[in-house]
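Residues in the sequence shown are numbered consecutively from 99, following this note's numbering. No residue lacks a Cβ here, since even glycine has one placed at the ideal position from N, Cα and C. Shown next, in structure tokens, is the structure this report addresses.
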Amino acid sequence: MNTEPEKKLFKDWFDAEAARMLGDQIHGAWPEFPVKHFESLAAKNLADLEFHGRVHQFADALARCLPEDVSAALKILRNSLPPLKADNEPMNDGWLQWPVGHFIAEHGLADFEGSFETMIELTQRFSSEFAVRPFVEQEPQRTFAVLRELTSHESEHVRRWCSEGVRPRLPWGKRLNALVHDPSPIWPILDAIKDDPSLYVRKSVANCINDITKDHPEAVLDRMEAWQKNAGAGRAWIIRHALRSLIKAGHPRALALMGYSPHPPINVSLRAKPARCKTGDSVTLEADLENTTGKPQSLMLDLLVSFPGKTGVLREKVFKWTTLELDPHAARTLRKTLPLFRVTTTRSLYPGEHFIELQINGGRYGRECVVLLFHGGEEPR
């Protein structure tokens, strides 16, 4: 018998117990806070709400229970935050602070300075990357001026926030359309922390740049070519990680920046087995590579799989494979097994022909067909 407790659904993190905990937290900083009223408002009909709906309801309950004066409310929230841990790592229960950030996003523009003072403290316990986005939209000049100054803050969490909060396409965050159109205000921030000693900060820099590549690939490549000059190991890591979407898409200039020449002089053959599959099956790929020159070749290999959609239109997905150095006149055979037809919650499978190609340094080689049969093993008509 399985005696392990049932795992809580992600959306259920904000439940009645979380309402009680957050209410007690605020009460500790402001004894007049109506804890029971807050709990009843925050926990009302939670079963009908998804994750973001619950966060919004918690934040709305805060607004209805805190003083109407935004500056006073911000001071209470700021004073209520848990103490920093000795090693300056975020608190384990940091997610409890998400409604605090949502309150700032909804109401904080009425007190710019008080909001930033609170966000600086909040981001060292949880994150302020969502809270700052209305300020980026509505007070861009003031906001970027403050963030540029904070790139030298002693806390890596604050320095990371400077780049994470201005990501044009932050997951779960509202798209910053002005920065999607013109990301130039972001670059002074990224330039200031491109050699940050913290990997935590450098990851955010790379993710922000990767966002920008979706709309301005050539401008990003211009900047990365400049960054590559005299780049240390940390900055070189940023460049590789920042260009990952372009590299995955086989962008020739991005690949060249990483040292991969387009159209390498090699002979290639690709095989896929089995040719007929059922739902749940994997496919084994074999690739024969032969260097036809007297010089070593740096190769980046990916697999491009074209899946039929519901209407039969093919949609492409890239699977990373490997990188290698192929010696002069050398030959190698590589094998990889892909769980192509495993049932997942992120991709629907439809029967019919699936096409597999090998991508090497951005170029396409070979084209194998694998057929996914109907349930029960019937051939598609």
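Q: Starting from residue 311, follow the alpha helix (DSSP H) in both directions and report where the run begins and ends.
A: 297-311
**Q.** Under the three-state DSSP convention, the category residue 406 falls into
**A.** strand
Q. Who are the near neighbours of residue 107 in its chain, counting only those whose CB is closer than 6 Å to its CB and skipping five residues on each side?
A. none
Q | contact_flag[the region 164-182, the region 204-214] where n(CB pairs < 8 Å) is 3 or more | A | yes
Q) According to DSSP, which residues form a beta bridge with residue 467? A) 453
Q) Hey, residue 310 and residue 266 are a contact pair by Cβ (cut 8 Å); roughly how many whole angstroms apart? A) 6 Å
Q: Would you list, in sequence order, the uninterrupted beta strand (DSSP E) runs of no fewer than 3 residues that lie entirely inside the region 349-418?
A: 364-371, 381-389, 395-406
Q) Quick one, are the C-beta atoms of residue 427 and residue 438 less than 8 Å apart? A) no
Q. Is residue 397 near residue 421, with beta carbons less than 8 Å apart?
A. yes
(Q) Suppose only complete runs of 4+ residues qualify. What are the alpha helix (DSSP H) ranges in the region 124-159, listed by chain order? (A) 133-140
**Q.** For residue 160 and residue 131, the rounded distance between their alpha carbons
**A.** 10 Å
Q | Selected residue, minimal CA-CA separation from residue 321, among 285, 332, 252 | A | 285
Q.
I'd like to check one pair, residue 464 with residue 366: are the Cβ atoms closer than 8 Å?
A. yes
Q: Verify whether the separation of the beta carbon atoms of residue 364 and residue 384 is less than 8 Å.
A: no
Q) Using CA coordinates, which residue listed in 461, 275, 276, 256 is at the minimum distance from residue 291? A) 256
Q: Return the Cβ separation of residue 276 and residue 235 in integer angstroms, given the expectation that the two are a contact with Cβ distance under 8 Å.
A: 7 Å
Q.
Buried or exposed, going by whether 16 or more other CB atoms sit within 10 Å of the CB of residue 459?
A. buried
Q: Spatial neighbours of residue 118 within its chain, please: CB distance less than 7 Å, with the 5 preceding and 5 following residues excluded, ordered by chain position.
A: 137
Q | Start-to-end residues for the beta strand (DSSP E) that takes in residue 333 | A | Per DSSP, residue 333 belongs to no beta strand (DSSP E); it is in the alpha helix (DSSP H), 331-340.
(Q) If I measure Cβ to Cβ from residue 248 and keep anything under 6 Å in the same chain, skipping five residues before and after, which residues do I get? (A) 256, 260
**Q.** Residues that DSSP places opposite residue 423 in a beta bridge
**A.** 396
**Q.** Secondary structure of residue 319, DSSP reduced to three states
**A.** helix
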